[in-house]
Structure formats: structure tokens, C-alpha cells
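Enquirer:
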Amino acid sequence: MDQNKAIRSHLSPCRGLEARRRWYRAAAARPTVLVVAASVAAALLMAGVLFGVRLTPSGGNSTWVSAGVRDVLKAVSNQNGQGTAGPLATVPDPGDRLLGGLLAPEFDESSCLSRYRAALYRRPSVHAISSHLVSALRRYESLHRRCGPGTPAYARAVERLRAAAAPNASAAAAPSSSSSAAGCSYLVWNPIEGLGNHILTITSGFLYALLTDRVLLLHSSGGALDDLFCEPFPGSTWILEEDESFPILGMGHLTAGHHASLRSVLRRGEDPGGAPWLYVHLRHDYRKVHQDQQFFCDDVQAQLRRVPWLVFQSDNYFVPGLFLVPGLERELQRMFPRRDVVFHHLGRYLFHPSNTVWGMATRYHDEYYAKADERVGIQVRRFRWAPISADELYGQILNCSQREGILPVPAAAATAAGGSNDGGQPAKQKAVLVVSLHGEYSEKLRELYQKNGSAVSVHQPTQLGAQRSGEQQHNQKALAEMVLLSFSDAVVTTAVSTFGYVGQGLAGLRPWVLLTPVDGKAPDTPCRHAATMEPCFHAPPNYDCRARANGDVGRIVRHIRHCEDFPQGVQLVE
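Written out as C-alpha cells, the structure reads:
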């Protein structure tokens, strides 16, 4: 049986999934194409109408795409006549396994089943991809193939680093102003915190690498990434294996006070560009001193261009911070004419679950999720710093989901038990996926809807009890649940949760966010429809580079605003 027949056979029992796909294909038979010409105005209007159809039970996305069309058109008009040979941005055809050029075609599909198949399970993305981003990704892949681990260029770069980092290294061994341009430059990611943080900080690092012509390498300390993700770049690896002979010693234990940290170099009044390598500290406590925050300043970025090796550690999605750097602004605008899709596009480009994780996710989906007409994801997380009882939180979840029409109220469920709704149509089959460390929320929801004989089924893949980020199986199960959450047609997430950020971003959905409790009680407004699907940068810099003083970065740039779920943070909006 050929591959297409196998996929069709695999999906044939999934009546809800197939019905959705047929609708999406009909709606996207002609993908939205944005070009610099007045003659396409009618086509753009039609694309806005087609993709403005309500896709979630709450109707929250009713103007999402048409607004995107308007904003991308505005970005085109602002190019001041700088036309391009092809379209600025396109909405991918739902049947395109390469996601509109986002993915490279040269991978062996069997080595990573999720890479080209995930789109079959998710709602087709209705968010336009710029041709400039596609070109930048192909250039980066070429760079990574030339400079990645195992290549002669990489071996030479490591030897130059070893010579420059040696205790008795001469000034001649230090990098010159042209050394990075002549060879290969690197950005090394160090893991910290849980899987959600890993995914968000890797994405942030990759965007920085893309903007500065660096090769991103992941320091896989203790096997933190083993059998989680497929390699994202063809013909190379992004894993920097543990190696005692590597010139930068103790990479997993670097601190902001290290003599080779950006903070220390700036405090000594030295030029950061003269260092063979530097550690950049972007963890939540980096705001204590302005030297760490100067990473987001234009003049320091110009100096860092000359540093061949940068090592960073972060527990923040610092993408919004890159939009604060004037020197990066033009390239970012070309890559992302609409700013609130950065994680959606880069997340789907970078993170392809391993075959082990993909098997976990698809088996569960096919058993419980696929036959539904509507798939609802509810992600629940309780934090020590925001205490709330299980009963109070359950009431908040129910209040939110029923008030916003995501789930039916019990009376409506009882009516649905008769097999029809007010319009005489068959009741919609809704499958609810609850993702939580604890099982009480799914159990109560299941009991509520079962006793009413409704068309709502409630499922929860795991109940792990506690987060154990250092365990491989735990991380695999967590990633499988993120993937399942991304298959949803509507999502409810917990404020401040990086887990929820990942799920909503991969799904391409603005979530309904459960607001933080006040004095142990759910707020009067249980949830709010997020203005953006972009994650929150929880600890943005409070240093204004232009004023050389403390400032509020949430008020500097129009498309960066304080987060609705965490007001101290900022996020990209449109």
C-alpha cells in the first residue's frame, strides 16, 4: 500500500476529523496570497471572508484571519515601493505537508513520522507565512549543514576556541573583528527548568541565531533531550554532546558572576567583542543589574557580533526582547509581517516529536479524540505562589467553559441526550482532553456530563502527580500531551503556564486563559480570551537602552504590550 493510501486508510474511521478536513480544503482551495499590487484587493477580501468563518465553539476567531490579511496588507503598503518577485506572505494549503515552505523536503519520513504528518491532525494553519522567513530558514539550514558538529568547519572553530581560551593564550589567538565573518559563529543553549521552558527558550535562541548568522547548538546535559525531538535541520545535528575535552569547561554550571559572562566583561569596562566566548545570563534574576539586560541594547549587540561563541541560559521566552533591538527590527519585520505568529511558525518548524512520543500521542488521539466533531483542550496547572483549592479551580474551569460556549451547560446536555438540539440536528460530539498533573478535574467533568447522557466525552492521558523534568519518560509523556493539546479546535489554558503556551502556539489558537486566583478564590471573571497566541516574556528587561536608565519596555514599542495573564511580563501583539 502506498503512503497516501496508508494515511487515508488510517484516517478512514475518523469521521469528525475527515469532515473537518473536507471543510478546510474547500475553504482553502485557493490559498490567500498577498502581493504588492492593487489588483489583488478583491482576492484579499475574498480570503478574509473565507478564513473568517467561525472555527471554535466560542466564535473567538471570527475575525482572526481577516484581521491578519488587513495587517499584512498594511505591512506591504509600508514597504515604500520595495516590491518583491513573489508574494510577501501566503496561507499554506491544508494539504501541503511542507506547511507552505516552512519545512524542508529532504528528510526521510520514516525516521520522523511527525514531521510531515502532524498537519493531518491539527487544524490547518490560517496564519500567513512570509516568503522572507522561508528563505531565511533555507539559508540557515545551509549554514548549519556547513558549520554543524561533525564538519571540518566545526572542528576548526573548536580548535580556534581551544587556542584562544587556553590560560597562556596570546593576543594573536583572540578573535579579530573579521573572525566571525570568516568562519562559523555559534550560540549554545543550556537547559534549565521544565520541558515547556526548554521549548520556549530554544525557540528564542533559534530566532536570535537566525537573525545573527549563528549556529544553534543544544548542550544536552544529562540526556535532557533524549528521544524527545527529531533533528530539525537536514544533514546535520543540533546536539552538542557532553565532551570533557570541549574548551568551555563546566558549561552546565555557568553563572552571571563568571569571569567570561557578559555582566563581568561590561563591569570591567572591556569590549565584549574581543572575547573568544561569552556567557549570557537571561534567567529570571538577570534584571538585578543592567549589564545583563544590555544584551537587548543595539550597541552591545553590535559588539557581540564579533564573539565566535555565545553560551546562554534562560527560563524566559525572550523573543519580545529581540523586537526591542533597533538593529534587528527590519529583518524581524520582513520575517514576521504579523508579529503574533512567531512561536506558531518557529515552533512547528523546530519541534517534531520523536517516533516514540508521536506514537503515544496518535494512539491516544485515534482512540478518544479523532471521531469527535469538536476537540476541546483544557490545560490545568496550580502554582504554589497562587494557591487555590481543587474545588474552587474546578468551578472556575466549568464557569469559563460553559459561559463562553466551549462546553454545554447541564440543561443543554440533558436536551442533547435526546439526540438533537433546538435546530433538530444531531448533537455535536465533543471530546474534551484534560491535561493536568492531577485527575480530579477530569473526573468531575466526566461525572457531570455522563450523568446527563450528553454528547461530551472527557479524557485525561496521565495523572503524574508532580513534575519530574529530569526523567525521560516523564518528559516524553509531557510532550505527548502538549502535542495532543495542539490538536484541539479550542483551548482553555492556565495563566502563566509555559505548557499551555506551547500547546496554544502549536495549535495556532488564541486560548481562553483561566485568570490567576485572588486570595485563594477564582476571580469574578473566570477567564479571558487572549489577545494573542504568543507566549509571555515573564521577566522582560526594565532597562531602557536609549535613556540608559530604568524604563517600562511595555510602552516603548507599539506591538509589545504587558501580558494579560502576567502583567509584569510583555508579549507580542498585533
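First residue of the sequence shown: 1240, per our numbering; consecutive thereafter.
By construction, the Cβ of each residue, glycine as well, lies at the ideal position given by its N, Cα and C atoms.
(1) Are three or more beta carbon pairs between the region 1753-1765 and the region 1496-1511 nearer than 8 Å?
(2) For histidine 1777, which of helix, strand or coil comes out of DSSP?
(3) From Ser1681, Asn1594, Gln1689, Asp1728, pick the residue whose C-alpha is nearest to that of arginine 1614; which is it?
(4) Please report the straight-line C-alpha distance between glycine 1566 and glutamine 1807, rounded to a whole angstrom.
(5) Please state the DSSP three-state secondary structure of valine 1365.
(6) Taking the alpha carbon of alanine 1705 as the point to measure from, which residue in Gln1699, Glu1679, Ser1675 has its own alpha carbon closest?
(7) Can you give me the Cβ contacts of leucine 1455 inside the same chain, cut-off strictly under 7 Å, excluding the 5 residues immediately before and after it?
(8) Evaluate contact between the region 1728-1741 and the region 1617-1634, counting only Cβ atoms and requiring at least three cross-stretch pairs below 8 Å.
(9) For the beta strand (DSSP E) containing tyrosine 1425, list its first residue and its last residue.
(10) Does DSSP put glycine 1616 in a helix, a strand or coil?
(11) Are three or more beta carbon pairs between the region 1331-1347 and the region 1535-1546 nearer than 8 Å?
(12) Identify whether tyrosine 1782 lies in helix, strand or coil by the three-state DSSP scheme.
(13) Specify the secondary structure class of glutamine 1810 as computed by DSSP and reduced to three states.
(14) Given threonine 1771, which residues of its chain have a CB within under 8 Å of its CB, disregarding the five upstream and five downstream residues?
(15) Are the CB atoms of histidine 1520 and aspartate 1538 nearer to each other than 8 Å?
(16) For histidine 1492, count neighbouring Cβ atoms within 10 angstroms of its own Cβ and tell me buried if that reaches 16, exposed if not.
(17) Whole angstroms are fine: how far does the CA of isoleucine 1487 sit from the CA of alanine 1824?
(18) Report buried or exposed for proline 1665, applying the criterion of at least 16 other Cβ atoms within 10 angstroms of its Cβ.
(19) Given this structure, state the Cα-to-Cα distance separating glycine 1474 from alanine 1392, to the nearest angstrom.
(20) Please decide whether serine 1443 counts as near chain C, where near means a Cβ-Cβ distance under 8 Å.
(21) Whole angstroms is fine: what's the gap from lysine 1527's alpha carbon to isoleucine 1441's?
(22) Could you tell me how far apart the beta carbons of alanine 1611 and alanine 1719 are, in whole angstroms, since I believe they sit closer than 8 Å?
(23) Does the beta-carbon distance from phenylalanine 1776 to glycine 1560 come in below 8 Å?
(24) Report whether the distance from the Cβ of isoleucine 1478 to the nearest heavy atom of the ligand SAH is below 7 Å.
(25) Is it buried or exposed for glutamate 1710, if we count other Cβ within 10 angstroms and need 16 for buried?
(26) Leaving out five residues before and five after aspartate 1310 in sequence, what residues of the same chain have Cβ atoms less than 6 Å from its Cβ?
(27) Ordered along the chain, which non-local residues of its own chain (more than five positions away) have a Cβ less than 7 Å from that of leucine 1352?
(28) What residue does the beta strand (DSSP E) around arginine 1767 start on, and which one ends it?
(29) For glutamine 1552, list the residues DSSP reports as bridge partners.
(30) Grouping DSSP H, G and I as helix and E and B as strand, with all else coil, what is lysine 1610?
(31) Is it true that the CB of serine 1725 sits closer than 8 Å to the CB of glycine 1739?
(32) Thinking C-beta only, is alanine 1343 closer than 8 Å to serine 1370?
(33) Name, in chain order, the residues that DSSP records as bridge partners for alanine 1670.
(34) Quick one: residues in its chain with C-beta nearer than 7 Å to the C-beta of arginine 1499, no 5 flanking neighbours on either side, listed in chain order?
(35) Would you decide whether asparagine 1555 is buried or exposed? Buried here means 16 or more other CB atoms lie within 10 Å of its CB.
(36) Going by beta-carbon coordinates alone, are histidine 1583 and histidine 1366 separated by less than 8 Å?
Expert: The structure says:
(1) no
(2) Start at 1 with the first residue of the sequence shown, and residue 1777 comes out as number 538. Histidine 1777 falls in the coil class under three-state DSSP.
(3) Numbered from 1 along the sequence shown, position 375 holds the residue referred to as residue 1614. Out of Ser1681, Asn1594, Gln1689, Asp1728, Asp1728 has the C-alpha closest to the C-alpha of arginine 1614.
(4) The count along the sequence shown starts at 1 and reaches residue 1566 at position 327. The count along the sequence shown starts at 1 and reaches residue 1807 at position 568. Straight-line Cα distance between these residues: approximately 25 Å.
(5) Numbered from its first residue, the sequence shown carries residue 1365 at position 126. The three-state reading of DSSP puts valine 1365 in coil, since its state is none of H, G, I, E or B.
(6) Against the sequence shown, residue 1705 aligns to sequence position 466. Alanine 1705 has its Cα closest to that of Ser1675, out of Gln1699, Glu1679, Ser1675.
(7) Taking the sequence shown and counting its residues from 1, one reaches residue 1455 at position 216. Only Leu1426, Trp1428, Gly1444, Phe1445, Ala1448, Trp1477 meet the Cβ criterion.
(8) yes
(9) In the sequence shown, residue 1425 corresponds to position 186, counting from 1. For tyrosine 1425, the enclosing beta strand (DSSP E) has its first and last residue at 1425-1429.
(10) The count along the sequence shown starts at 1 and reaches residue 1616 at position 377. The answer is strand: DSSP assigns glycine 1616 an E or B state.
(11) In this structure the region 1331-1347 does not lie against the region 1535-1546, because fewer than three pairs of beta carbons, one per stretch, are closer than 8 Å.
(12) Here residue 1782 corresponds to residue number 543 of the sequence shown, with the count starting at 1. It is a strand residue.
(13) Here residue 1810 corresponds to residue number 571 of the sequence shown, with the count starting at 1. Here glutamine 1810 sits in strand by DSSP.
(14) Walking along the sequence shown from the start, residue 1771 turns up at place 532. Excluding its 5 nearest sequence neighbours in each direction, threonine 1771 has C-beta neighbours in its own chain below 8 Å: Asp1579, Arg1749, Gln1810, Leu1811, Val1812, Glu1813, listed in chain order.
(15) Position 281 of the sequence shown holds residue 1520. Position 299 of the sequence shown holds residue 1538. No.
(16) Start at 1 with the first residue of the sequence shown, and residue 1492 comes out as number 253. Per the 10 Å Cβ criterion, exposed.
(17) For the chain, the structure presents residues 1240 to 1813; residue 1824 sits outside this window and is missing.
(18) For the purposes of this step, residue 1665 is taken as residue 426 along the sequence shown, with counting starting at 1. Exposed: under 16 other Cβ atoms inside 10 Å.
(19) Along the sequence shown, one-based indexing puts residue 1474 at 235. Along the sequence shown, one-based indexing puts residue 1392 at 153. Taking the straight line from one Cα to the other gives about 15 Å.
(20) Note that chain C does not occur in the displayed structure, where there is just one protein chain.
(21) In the sequence shown, residue 1527 corresponds to position 288, counting from 1. In the sequence shown, residue 1441 corresponds to position 202, counting from 1. About 23 Å.
(22) Here residue 1611 refers to the residue found at position 372 of the sequence shown. Here residue 1719 refers to the residue found at position 480 of the sequence shown. Not quite, the Cβ-Cβ distance comes to about 18 Å (not below 8 Å), so this is no contact.
(23) Counting from 1 along the sequence shown, the entry for residue 1776 is found at position 537. Counting from 1 along the sequence shown, the entry for residue 1560 is found at position 321. Cβ distance < 8 Å, so phenylalanine 1776 and glycine 1560 count as in contact.
(24) No copy of the ligand SAH appears in this structure; indeed no ligand is present at all.
(25) The residue labelled residue 1710 in the question sits at position 471 within the sequence shown. Answer is exposed; the Cβ neighbour count stays below 16.
(26) Residue mapping note: residue 1310 aligns to position 71 of the sequence shown, counting from 1. Model confidence at aspartate 1310 stands at a pLDDT of 44, short of 50, so the residue's coordinates are unreliable and nothing is read from them.
(27) Residue mapping note: residue 1352 aligns to position 113 of the sequence shown, counting from 1. Closer than 7 Å at Cβ, skipping near neighbours: Asn1594, Trp1597.
(28) Along the sequence shown, read from residue 1 onward, the residue named residue 1767 stands at position 528. Unbroken beta strand (DSSP E) run through arginine 1767: 1766-1768.
(29) Here residue 1552 is taken as the residue at index 313 of the sequence shown, counted from 1. For glutamine 1552, which the question treats as bridged, DSSP gives the partners Asn1429, His1520.
(30) As a working note, residue 1610 is residue 371 in the sequence shown. It is coil, neither helix nor strand.
(31) Here residue 1739 refers to the residue found at position 500 of the sequence shown. Here residue 1725 refers to the residue found at position 486 of the sequence shown. It is not a contact, given that the beta carbons lie outside the stated cut-off.
(32) Here residue 1370 corresponds to residue number 131 of the sequence shown, with the count starting at 1. Here residue 1343 corresponds to residue number 104 of the sequence shown, with the count starting at 1. Taking 8 Å as the Cβ cut-off, serine 1370 and alanine 1343 do not qualify as a contacting pair.
(33) The residue you call residue 1670 lines up with position 431 of the sequence shown. DSSP output for alanine 1670 lists Arg1614, Ser1696 as bridge partner(s).
(34) If you number the sequence shown from 1, residue 1499 lands on position 260. Going by the sequence as given, residue 1499 is alanine instead of arginine. If we look at alanine 1499 and ignore the five residues flanking it on each side, its Cβ neighbours are Ala1514, Trp1516, Leu1517, Tyr1518.
(35) In the sequence shown, the residue the question calls residue 1555 occupies position 316. With 16 or more other Cβ atoms within 10 Å, it is buried.
(36) Indexing the sequence shown from 1 puts residue 1583 at position 344. Indexing the sequence shown from 1 puts residue 1366 at position 127. For histidine 1583 and histidine 1366, yes; Cβs fall inside 8 Å.
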